[in-house]
Each structure stands twice: as structure tokens, then as C-alpha cells.
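First the structure, in the form of C-alpha cells, and then the observations on it.
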Amino acid sequence: MRLGVLDVGSNTVHLLVVDAHHGAHPWPAHSEKVVLRLAEQIGPDGALTEAGADGLVKAVGMAKAAATGLAADDLIAFATSAVRDATNAAEVLARVRDETGVRLAVLSGADEARMTFLAVRRWFGWSAGRLLVLDIGGGSLEIAAGIDEDPDVAVSLPLGAGRLTRERLRVDPASAAPPSAEAVDKLREYVDGRLDKVVDQMTEVGWGRAVATSKTFRTLARLAGAAPSGSGLWVRRSLTRAGLRQVIGFIRHIPPAQLMELEGVSAGRAHQLLAGAVVAEAVMRRLDLDSLDICPWALREGVILRRLDQLEPI
2 MRLGVLDVGS
12 NTVHLLVVDA
22 HHGAHPWPAH
32 SEKVVLRLAE
42 QIGPDGALTE
52 AGADGLVKAV
62 GMAKAAATGL
72 AADDLIAFAT
82 SAVRDATNAA
92 EVLARVRDET
102 GVRLAVLSGA
112 DEARMTFLAV
122 RRWFGWSAGR
132 LLVLDIGGGS
142 LEIAAGIDED
152 PDVAVSLPLG
162 AGRLTRERLR
172 VDPASAAPPS
182 AEAVDKLREY
192 VDGRLDKVVD
202 QMTEVGWGRA
212 VATSKTFRTL
222 ARLAGAAPSG
232 SGLWVRRSLT
242 RAGLRQVIGF
252 IRHIPPAQLM
262 ELEGVSAGRA
272 HQLLAGAVVA
282 EAVMRRLDLD
292 SLDICPWALR
302 EGVILRRLDQ
312 LEPI
């Protein structure tokens, strides 16, 4: 079948269309995304602004048209942290449904962690043993661990790179000055405090192989010397704690407006990179991880795999 997956995240609205069947590797046929930064469209009252809702409706409508034009047999549409946390989420979802015909399902943070874990498990296979999976999104951090395809523990914390940039570092994407050392130190203290309970949970479950996924981790790994995306999916990539510390020491002195000039750093996420790096370092330090393997599959692929598992084999 040809399956479309529409991921409404905190930063982008991403449509991925794949060709696949039960038990097969899903092969991408089309990918497109629109940068909306919905998390930055949340007003003081916690509601998604009218402009943000307008942009979302337009992006979803365009994605649906693209999926229809590509003859997708099904379109799975879901939203994560930005929509999930908006106080007017129900009204926004109703408007999207009424104006585009697309029903956006809102994933819980725990479900995000579970779907991402499934994708990582399928990518590395059973030989990877007990897995620990980390995913830093725009609005939240997901952590899961276990031996099966469904993790023993799956948690979500409000430690997304975009959220922390907006609420803690208060970084302007066009700023000509980097955040102060005091702001970065306070952010690290805040992240450490939120991780306390999760560290105990994960340590109790245990793991044999630590894996990271998401754009934030891929970017940090690239800055630390991992192969570029152009080298293909199958190239092994990793991020060491020592390499990450070197990256942080470098980027914390670079203004957000200049970070996008670094190879592998996207313009739309450059200003969030330092916050994401602080979270990554804190998790690796608190869980005593010397290195993380980078997985190219994440939440979208997990959603696809779960949908394909529901198909009857031929």
C-alpha cells in the first residue's frame, strides 16, 4: 500500500509518503514539510493563536492535497506537544477537521516514546538487546527502555529544545548575541531537576545499548564529526559525551543568527540548538552514557510500522 503520514510537530508539519506492505521495509516515496513553529505561536493564555491556527489549517490542507495527488491509500495524521499542550486544542482540531477533512489524532507523550521505541527496535533488530531510546523534540523529551517492541518504561518530559529556548533562554532567532553564561547554567540546573525521577526509573529498568533519534541529536552528532546526511541512511553514526561537550563549548558562544551557517544546522532550528544540546548533555551525564548510537528512524516511522502491523499478511 501507499501510506501517508502527517506529523504536526512543534516546529514543522511534515508529510511522509511511503510504499510498503506487511512485513516489509517502508520505502519513502515523497517527503515535504512546512516550518510553522507552532510552539512559538502559543499566546500568554496558553492558546494557539489565530495566526498559528490559520497556518496549521493551510499546511494540513496542502499536505492532504499532496497525499491525494500521490494516490496514498491512507493518511494517518497526528499532532504532538504544541497542539497537545494548547488550551484551545479541541477548537483547533475541530477547525482542522471541518476545513480540511483531516482528523488529527493527538499523541500523548508516552505514546510518542512508545512509537519511537518501536521504530528504533525495528531498525537495530533483536540483536541490539535491551534498548534505551532518547528523543528530543521541539516541545518534549521522550525516554523509553525495554527488551521488547513495546518498552517497559516510556516517559515524556517538557524538556523540548524549542520550549526551553522560548521559556528559559528566551532566545530571539535573529539575536546578535548568545545567551549569557548565567542563563545557560540556570537551564542546566532546571533540566537536572526535571530528570531526577526519570534517572531512577531508567536505571532500575536497565539497558544494554543506548540510542538517540530526532533532528536535534542528528545535528549534534554531525557537529561532533558524524557523517553528513548525504552519506545515506546506512552509515553508522554516533555521538559521544566528550564530543557533545566540545560542541556545547563551541556553540554557546555563537549568536543564534550565526549558528545556521554551520554545516548540518537548519535555519529553522538553529536558535534551539543550544537548549537541545544542554538537554542531551544532561541526560547522557545523569544516565552515565559515554556514547549514543544515532538511529535515522523515529516517531513517523514508528507510526507507519504500527499501521502496517495492523494489515493482514497476503
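Under the working numbering, the very last position in the sequence shown is 315; numbers go up by exactly one each time. Beta carbons are placed, not taken as given, at the ideal position from N, Cα and C, and that holds for glycine.
Backbone CA spacing between residue 315 and residue 16 [nearest angstrom]
Its pLDDT being 49, under 50, residue 315 is placed unreliably in this model, and the value from its coordinates should be taken loosely. Pairing residue 315 with residue 16, the inter-Cα distance amounts to about 27 Å.
What's the gap between the Cα of residue 179 and the Cα of residue 158?
Rounded to whole angstroms, the separation of the alpha carbons of residue 158 and residue 179 is 25 Å.
Grab me the residues of residue 193's own chain with a C-beta within less than 8 Å of its C-beta, minus the 5 sequence neighbours each way, in chain order.
283, 287
Can you name the start and end residues of the beta strand (DSSP E) that residue 151 belongs to?
First-last for residue 151: undefined, no H or E at that position.
Got a sec? Which residues, its chain only, sit under 6 Å from residue 174 by beta carbon, not counting five neighbours each side?
257, 272
Among 143, 135, 33, 13, which has the Cα closest to the Cα of residue 5?
33
Given that a residue counts as buried once 16 or more other Cβ atoms are within 10 Å of its Cβ, and exposed if not, what is residue 8?
buried
Is residue 60 close to chain C, meaning its C-beta is less than 8 Å from at least one C-beta of that chain?
The structure shown has no chain C; it contains just one protein chain.
Can you look up residue 142 in the DSSP assignment and give me helix, strand or coil?
strand
Using C-beta distances below 6 Å, list every residue in its chain close to residue 155, excluding the 5 sequence neighbours before and after it, in chain order.
Answer for residue 155: 111, 114, 115, 145, listed in chain order.
Residue closest to residue 81, alpha-carbon to alpha-carbon, out of 67, 117, 62, 293:
When each option's Cα is compared against that of residue 81, the closest is 117.
Which value, in whole angstroms, describes the spacing of the CA atoms of residue 243 and residue 165?
23 Å
Does the Cβ-Cβ distance between residue 296 and residue 125 come in under 8 Å?
yes
Of the residues 138, 172, 121, 160, which one's Cα is nearest the Cα of residue 150?
121
Should the stretch 289-308 be regarded as contacting the stretch 231-239, the criterion being three or more beta carbon pairs within less than 8 Å?
yes
Can the beta-carbon of residue 58 be found less than 8 Å from the beta-carbon of residue 100?
yes
Reduced DSSP category for residue 106 - H, G, I as helix; E, B as strand; rest coil:
strand
Going by DSSP in three states, residue 214 sits in which element: helix, strand or coil?
strand
Three-state secondary structure (DSSP) at residue 88?
In this structure, DSSP gives residue 88 a state outside helix and strand, which the three-state scheme calls coil.
Kindly indicate which three-state DSSP category residue 255 falls into: helix, strand or coil?
coil
State the DSSP-derived secondary structure class of residue 8, mapped to helix, strand or coil.
The answer is strand: DSSP assigns residue 8 an E or B state.
Where residue 251 falls, given that 16 or more other Cβ within 10 Å makes a residue buried
exposed
Can the beta-carbon of residue 247 be found closer than 8 Å to that of residue 225?
yes
Distance, Cα to Cα, residue 182 vs residue 160?
So the two alpha carbons sit approximately 19 Å from each other.
Residue 241 lies in the beta strand (DSSP E); which residues open and close that run?
That run of the beta strand (DSSP E) goes 239-241.
Over what stretch of residues does the alpha helix (DSSP H) that includes residue 76 continue unbroken?
Note, residue 76: premise wrong, no alpha helix (DSSP H); beta strand (DSSP E) at 75-80.
Less than 8 Å separating the beta-carbons of residue 49 and residue 87?
yes
Distance, residue 129 Cα to residue 11 Cα:
30 Å
Starting from the Cα of residue 185, find the closest Cα among 162, 103, 203, 232 and give me that residue.
Per the C-alpha coordinates, the member of 162, 103, 203, 232 positioned closest to residue 185 is 162.
Below 7 Å CB to CB, which residues in the same chain sit around residue 189 once its five sequence neighbours on both sides are set aside?
279, 283
Tell me the DSSP bridge mates of residue 35?
14
I'd like to know whether the C-beta atoms of residue 270 and residue 216 end up nearer to each other than 8 Å.
Yes, the pair counts as a contact, with Cβ atoms nearer than the cut-off.
So what does DSSP say about residue 266, is it helix, strand or coil?
coil
Under 8 Å, do residue 30 and residue 71 count as touching if we go by C-beta distance?
yes
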